[in-house]
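Chains as they are written, first to last, in numbering that gives the first Met the number 0: chain A, 0 to 382; chain B, 0 to 382; chain C, 0 to 382; chain D, 0 to 382.
Glycine is no exception: its CB is placed at the ideal position from the N, C-alpha and C atoms.
Everything on this sheet refers to the single structure shown next.
Number of protein chains: 4
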Amino acid sequence: MPTKKPLNVGMVGYGFMGRAHSNAFRQAYRFFDLPYEPVLKAVAARNTDRVKAFADTWGYQTVESDWRALVSRKDIDVIDIASPNDTHAEIAVAAAKAGKIVMCEKPLARTAAEGERMVAAVEAAGVPNMVWYNYRRAPAVMLLKQLLDEGRFGRIFHYRSVFLQDWTISKDLPQGGEGLWRLDVGVAGSGVTGDLLAHNIDTALWLNGPIAEVTAMTETFIKERKHNLTGRVEPVGIDDASAFLCRFENGSMATFEATRYARGHKALYTLEINGENASAKWDLHDLHRLQYFEHGEEGRLRGWRSIHITDSDHPYMKHWWVPGLQIGYEHTFVHQVADFLEALGANKTIGPTFRDGLSTDYVTDAVLRSARSGRWETVAANI
Amino acid sequence: MPTKKPLNVGMVGYGFMGRAHSNAFRQAYRFFDLPYEPVLKAVAARNTDRVKAFADTWGYQTVESDWRALVSRKDIDVIDIASPNDTHAEIAVAAAKAGKIVMCEKPLARTAAEGERMVAAVEAAGVPNMVWYNYRRAPAVMLLKQLLDEGRFGRIFHYRSVFLQDWTISKDLPQGGEGLWRLDVGVAGSGVTGDLLAHNIDTALWLNGPIAEVTAMTETFIKERKHNLTGRVEPVGIDDASAFLCRFENGSMATFEATRYARGHKALYTLEINGENASAKWDLHDLHRLQYFEHGEEGRLRGWRSIHITDSDHPYMKHWWVPGLQIGYEHTFVHQVADFLEALGANKTIGPTFRDGLSTDYVTDAVLRSARSGRWETVAANI
Amino acid sequence: MPTKKPLNVGMVGYGFMGRAHSNAFRQAYRFFDLPYEPVLKAVAARNTDRVKAFADTWGYQTVESDWRALVSRKDIDVIDIASPNDTHAEIAVAAAKAGKIVMCEKPLARTAAEGERMVAAVEAAGVPNMVWYNYRRAPAVMLLKQLLDEGRFGRIFHYRSVFLQDWTISKDLPQGGEGLWRLDVGVAGSGVTGDLLAHNIDTALWLNGPIAEVTAMTETFIKERKHNLTGRVEPVGIDDASAFLCRFENGSMATFEATRYARGHKALYTLEINGENASAKWDLHDLHRLQYFEHGEEGRLRGWRSIHITDSDHPYMKHWWVPGLQIGYEHTFVHQVADFLEALGANKTIGPTFRDGLSTDYVTDAVLRSARSGRWETVAANI
Amino acid sequence: MPTKKPLNVGMVGYGFMGRAHSNAFRQAYRFFDLPYEPVLKAVAARNTDRVKAFADTWGYQTVESDWRALVSRKDIDVIDIASPNDTHAEIAVAAAKAGKIVMCEKPLARTAAEGERMVAAVEAAGVPNMVWYNYRRAPAVMLLKQLLDEGRFGRIFHYRSVFLQDWTISKDLPQGGEGLWRLDVGVAGSGVTGDLLAHNIDTALWLNGPIAEVTAMTETFIKERKHNLTGRVEPVGIDDASAFLCRFENGSMATFEATRYARGHKALYTLEINGENASAKWDLHDLHRLQYFEHGEEGRLRGWRSIHITDSDHPYMKHWWVPGLQIGYEHTFVHQVADFLEALGANKTIGPTFRDGLSTDYVTDAVLRSARSGRWETVAANI
């Protein structure tokens, strides 16, 4: 593949998402025929020892202790932001100004106001940009998108989606600091609303169009936790659970719920859509299957089909193994890299862009606003 | 079994529920050792031909064309109301005044105001009474109740429940009249809120305690339908779909949804409860299974268990066949008769009573009120 | 329904099957429009107390302590044999000679030689006859039969079927006597081969045609058990587990297995058939579902459909409740009564007849013969 | 990780397995902390264009057109044989003589006689060796192995295992040549017996110990196919389907079946084991789940647990993502590389070795022998 152009990646952060993104950059051009070959050029983070170990493991050529240095380097094409939420806006704006391609882990920002600044920056700079809402690229979800776009569902009546986890039930779990910043409202911006519901919302907006208005409730089950950075027991500022009802602009109604207090579920992201002519369900715990019901079939033989998404005519799957052999979580990131690089080579834009990420922020803002007001809240239109 | 006392049943109505109740009366004392033997004494309905055919099929000894005649008969011990919702209150009040045991198909009434009159009547008369919320007596649901009562779940965080059907999607379906009165708001009182959500709510109140407040939305997807009684196209007054968020008094939060527009689902009543130490799920489409997760188990072996509810130590099951052999929908009614007659023999009260049914009416009232007001609504306390 | 003719039933036996049959006789004409109304006229068994209690529970009008008295009664139309296997032949032959309709619990006989005498008797007498292989009449199995008969599967390649139980694993379980005669080889004839595999085989012959030859193995895991009738520890003569490979006359190949030592399974009867154009699976633990795969569908949407067999266009289901509401085990017996009485009224023959039951006996004979010989054994042709 | 020693890999073949192995070599040391870093040094194959493209994609430094050149290179530590079955023995023997570590795709050889030569060669040379029976290292299967080794199952009664595919049903599919050598008996040695059943057998021997004797049947449904290398329609020499019954040395009995004619199944490798105290099931179509039943649990709460194998205390899983996020097929190969390199660094032997692979060949030989003889055949003891 002598025609592949190198694309130098500068990564910010080395946590769970830093690993997932790095693996995706490494794997994509082995399995997909892409116009660019991502080169893991540099990774930046404050903890020097950790970032060096991370660079060794993943093959980054150099390390930086300050993301600003990374952004200012001439040999970097892409800034990939995999650091906590409170750093997204500043880094993204600086990277856009420096003319870099900008990738940002979800949620785009802690608030839509932050997100608006980020969108303004990348659009002013005219740089390609992307938010890592990776679940769009689970092959089953992509297949569902195709079926919807083909008009197979007819009028949509219902959408329902949950994201259930159980990892914060213990009262002894502290908040804040490495690995636990998602419980620190200052860093995360919100609790499950921005962390989990944001995934549900991104997919829903993509599949079912804009949400018009919401009514929501949130709950913080454990009110105080020790804070790792201060060493003191402090009030918990995040929402432990969040649920909302809404109307989509297409007239369908929906229920959404996310929590970290659903015992027995680790990452049960589910979605279901009911149309006049068809319905479909998907869940992350068996991400290689799509449940599909078609009303037009012969009556006595109607049933929910469990489509095992491993055939060569399923999205992405001809690039992997042979029929019957499943892929997993990490592949959704690989697909996102592959689609992004292919679009980049063709000078096209592919979602989810920062603007798409902002659309989700508008919904999460409305959810949090409604949870406080106790009223229906209109979702702000995009800028 | 010479000690069995006959208990003369007077049935009102001969529809779907008339059949289910009649079968339950006939089967209960064959499979359970009960102090009473229900005798199908009489059935009342206005359509003489139909009621006679019904009486023949089920072995009712006599027929009446007016329920008032039935209520006034000395040889009737039990009035069982299986006629449409708009008839419940009047019949129940009259039956109570006549000193009959009163059984009433759910929902108790079209509104809590109607229900309050019914509760007042049976309590003033001191007659045993019961509402046919039969799903409490699915063996899997009863097992769940036992597990909750034993304290195995710890603090409850979440409850979620849906009832999904798809039988009214077609625009060509008329409203009103025989078999379709559930679409006629005057007769039914409401749409899915009183018909389906009432089931979800009854079980939830029983399992998880009182609901404090709700925020709700309803939707009528098809705005006009031909009315069978008038022959004219008329506005549809019922809610086709209904969803709400709520807080239980125990601090848990919940989502509820019911619809007749969820393509691919016929009677998918599901419920899930998440506690600190355990979670459980159940659904009506496989009613002989309980999904159960226990956190206390050895970590690497934790998993959702599919408990096949067919063993002799499962509720009710020793009365049926042998392990591995499932029962079905109709058995929930048989169990309700068995439990009611056993309690009657022991001079005990067993739920769901009219008062329990009224509790559900208070919640459905609040749901409909919130759907109109767009605000959180408090659930009225019981009278 | 004044046109219904009474059909007087004389039952032999009051065990598990006596109950299942009695319930079927009582229920069939309430749910199906039949030309005959079965009347529970008399039940015969040696244990006078037990048979009286049984008669009370099920509404039998009279009791007999000797089946011969029953057979000789003029007011009995049908002799239904629900007593242990070693009594089938003698009773059936006598009943046939007396001109009775004869129904016999499966297996028809302990050996094909016994079965041949029974077939000869009913055919010589020209009396209607039937074996209670009830699983043919699970609606899902009947639907599968229809689909096969319509030619939807094309050439059949494979059939596989198991019947897994776990109730005899304990060494402390005795053999013989009431409730445990299935472990007594003298009474039962064989172990799981005649008890469980016979079910698998009957359905297979019906769905996939004759079996040409088999190679088999059996195992007795617990070699000695206390015998309830002698009070002594005695050798166990039955097969605890039995498996065989075979070729059907249509060229397909198959595996069969039955056991009472498969921990975790209570009555897991499964079957699967793979044809050129379609495949299907069914199991008794969720008997209200048929798993179906059709190759002709659009490639990317192919999947196994879980058909919830509760709709009015599914076999038998319009006679029960409404879509979404499942039936259970006992209904397979009700369907068998309904089909038999309907055929009787139309002067038609309906399977499984004694001759069909004998076909299964020929296969179980060949299985046991092969297990002893260690060779492939040809299945005897029907007489 | 400066302590990692490079380990130079020389790959033979570039097909499906060449890809799977290459990916495993590339991924293992990023996710596991290993004493060696595999270096993709060279790949050998006759088709120069294809092997160059393959080398480009996967990052092999050099290519060879003859595997003999690869074996003779001083800079190669490992010869990995991913070429068709008829090449395994010659390459492996040569590689062993050259002192290379030898890895060989399964089955070890076309016959046990070939396999014996290979085992003799690696053992004479004293070189580390391994057969790519990758399914042992599905985390769910490894967990099952641990549970068995801990004695949780008690006495084993039953084992059953199938491998169902449907990719050769069409009569128009040719045999032989690139991508289709598995249908050419000269190259493959046998059909599904060596290709699919070998997987079932390897896992079974590992989990349940040696097989003593078998009785088997095979079938070739399509008797003639066009041969790609000759261009002529030629007899098909492979078995399209293969099934056998067997006794393990531990007294348990088993059924095995493999086919490429089971419509609707792509790679449905299933296994189930039933012990006195526990049972477990696994299948490749949802490889990230283990179904587990424990008898010792409270009776009414017994059920099959679906263990979602994604937690950090499940085998291998702490090296991947976070709980709830599944891995896929390719990871089984990564695990095999990781375990092999870890053992290599510790100077330990880890299975499946060539000798283990030969044990499977002895069983497949016995299966094919029995299919011809129609008799039970004893499995040869290992050399």
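Item                                                                                                                                        : Value
Whole-angstrom distance between A/Ser82 and A/Gly114, CA atom to CA atom                                                                    : 16 angstroms
Any C-beta of chain D under 7 angstroms from that of C/His313                                                                               : no
Chain-ordered neighbours of D/Gln290 on chain A, where CB pairs are closer than 8 angstroms                                                 : Residues of chain A passing the Cβ test: none, with the nearest at roughly 14 angstroms.
Per-residue DSSP class, three states only, for A/Thr219                                                                                     : coil
Contact with chain C by A/Val299, beta-carbon distance below 7 angstroms                                                                    : Rather than Val, the amino acid found at residue 299 of chain A in this sequence is Arg. Interface residue, yes.
is_contact[A/Gly383, chain D] using C-beta, thresh 7 angstroms                                                                              : The requested residue 383 of chain A is not part of the displayed model; chain A covers only 0 to 382.
Where D/Val121 falls, given that 16 or more other Cβ within 10 Å makes a residue buried                                                     : buried
Inter-stretch contact at 8 angstroms, needing at least 3 Cβ pairs: the stretch 28-47 of chain D / the stretch 349-362 of chain C            : no
Cα-Cα separation, C/Asn84 to C/Asp148                                                                                                       : 33 angstroms
Segments assigned alpha helix (DSSP H), at least 4 residues, entirely inside the stretch 225-306 of chain C                                 : none
Given D/Arg304 as reference, the closest of D/His313, D/Asp312, D/Met129 and D/Glu293 once Cα atoms are compared                            : D/Glu293
B/Ala111 versus B/Asp364: straight-line alpha-carbon distance, rounded                                                                      : 7 angstroms
Min CB distance A/Trp281 to chain C below 7 angstroms                                                                                       : no
Chain A residues whose Cβ lies nearer than 8 angstroms to that of D/Trp57                                                                   : Arg29
Min CB distance C/Pro1 to chain D below 7 angstroms                                                                                         : Unreliable positioning characterises C/Pro1 in this predicted model, as indicated by a pLDDT of 47, which lies under 50. A coordinate reading is not provided.
Opposing strand residues paired with C/Gly9 [DSSP bridges]                                                                                  : C/Ala41 and C/Ile78
Three-state class that DSSP yields for D/Arg154 in the structure shown                                                                      : coil
Anticipated Cβ contact below 8 angstroms, D/Leu286 with D/Leu163, distance rounded                                                          : Not confirmed; about 15 angstroms, so no contact.
Chain-ordered neighbours of A/His307 on chain C, where CB pairs are closer than 7 angstroms                                                 : Gly302
Buried or exposed by the 16-neighbour rule on C-beta atoms within 10 Å, applied to D/Thr202                                                 : buried
Interface flag, D/Trp320 vs chain A, CB-CB below 7 angstroms                                                                                : yes
Proximity test, Cβ basis, 7 angstroms: C/Leu428 and chain B                                                                                 : Within the shown structure, residues of chain C are numbered from 0 to 382, placing residue 428 of chain C beyond reach of any answer.
Residues near B/Glu256 by beta carbon distance below 6 angstroms, same chain, minus five either side                                        : Val161 and Ala242
Cβ distance (whole Å) where A/Ala277 is taken to contact A/Phe156 below 8 angstroms                                                         : Not really, about 11 angstroms apart at Cβ, beyond 8 angstroms.
Separation of B/Arg374 from B/Thr219, as counted between CA atoms                                                                           : 19 angstroms
Cβ-based burial, A/Asp312 [other Cβ within 10 Å; buried from 16]                                                                            : exposed
Helix, strand or coil at A/Tyr59 [DSSP, three-state]                                                                                        : coil
Length-filtered (4 minimum) alpha helix (DSSP H) runs lying within the stretch 178-212 of chain D                                           : 184-187 and 197-207
A/Met141, enclosing alpha helix (DSSP H) - first and last residue                                                                           : Pro138 to Asp148
Rounded separation between B/Phe15 and B/Thr331 - CA only                                                                                   : 15 angstroms
Contacts around A/Arg262, its chain only, beta-carbon distance under 6 angstroms, and the 5 residues preceding and following it disregarded : Asp165
Proximal chain B residues relative to C/Asp48, where beta-carbon distance stays under 9 angstroms                                           : Result: empty, since nearest Cβ-Cβ is about 13 angstroms, beyond 9 angstroms.
Min CB distance A/Ser278 to chain B below 7 angstroms                                                                                       : yes
Paired residues, beta bridge with C/Ser160 - DSSP                                                                                           : C/Phe255 and C/Leu270
DSSP three-state assignment for B/Arg29, whether helix, strand or coil                                                                      : helix
Segment contact flag, the stretch 17-28 of chain A with the stretch 328-343 of chain A, C-beta cutoff 8 angstroms, min 3 pairs              : yes
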